[in-house]
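Below you'll find the structure, written out as structure tokens, and then a few comments.
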Amino acid sequence: MKLQHRNLQNISYQLYAGTETTYDDYGNESGQNPVYSEPVSMKCSVSAATGFSEVQLFGTLDDYDKVLVTDIITCPIDENSIVIIDNNNYNVRKVAKTLSFVFYAIKRAKMQ
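Okay, so the sequence shown: first residue is 0 according to numbering that gives the first Met the number 0, each after it adds one.
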């Protein structure tokens, strides 16, 4: 069973690459910021909103906005990745893999 081509949407994702140390004006360490890879494009199915079946799919997790579905089993997206859909950033909350598909529960990132 494959995803229908008409249901696929262009998205981008960035994988977590580590942290970089930030310094203040005096050269002292002032913290660390996350570093992500360059955006990578792919096509996957994006749900319009959450639903009851997705809540069961991810167990008791209900703190997410959309579900991504791909049939690329080797997709490297994980819970530390950022997903970009229509110029909006989403954090991956949970990954559920089956033999044929990978499901991602995502939540819109809050602007800082």
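Using N, Cα and C, we set each Cβ at its ideal position, and we do this for glycine too. Note that the coordinates shown come from a computational prediction; the quantities given were computed from them, not determined experimentally.
Rounded straight-line distance, which links the Cα of residue j to that of residue i
i, j, result
"I81", "Y35", "8 Å"
"K42", "I84", "11 Å"
"N27", "L14", "28 Å"
"P33", "K93", "19 Å"
"V68", "R5", "14 Å"
"F102", "V39", "18 Å"
"S29", "N86", "30 Å"
"V66", "E19", "30 Å"
"C74", "T59", "24 Å"
"K1", "F100", "9 Å"
Whether residue i touches residue j by CB criterion (9 Å)
i, j, result
"I72", "L56", "no"
"D62", "K106", "yes"
"D64", "Y89", "yes"
"Y12", "I76", "yes"
"S44", "L7", "yes"
Local conformation of residue i per DSSP, three classes
i, result
"L2", "coil"
"L60", "coil"
"L14", "coil"
"Y25", "coil"
"N88", "strand"
Residue i - containing beta strand (DSSP E), residue span
i, result
"K115", "In this structure the chain extends from 0 to 111, so residue 115 is not present and cannot be described."
"S99", "S99 -> no beta strand (DSSP E), and no H or E assigned at all."
"Y35", "E28 to Y35"
"C74", "Looking at the DSSP string, C74 is not in any beta strand (DSSP E), and its letter there is neither H nor E."
"S40", "V39 to V45"
Residue i classed as buried or exposed, judged by whether at least 16 other C-beta atoms fall within 10 angstroms
i, result
"Q31", "exposed"
"A113", "The displayed coordinates of the chain run from 0 to 111. Any statement about residue 113 would go beyond what the structure contains."
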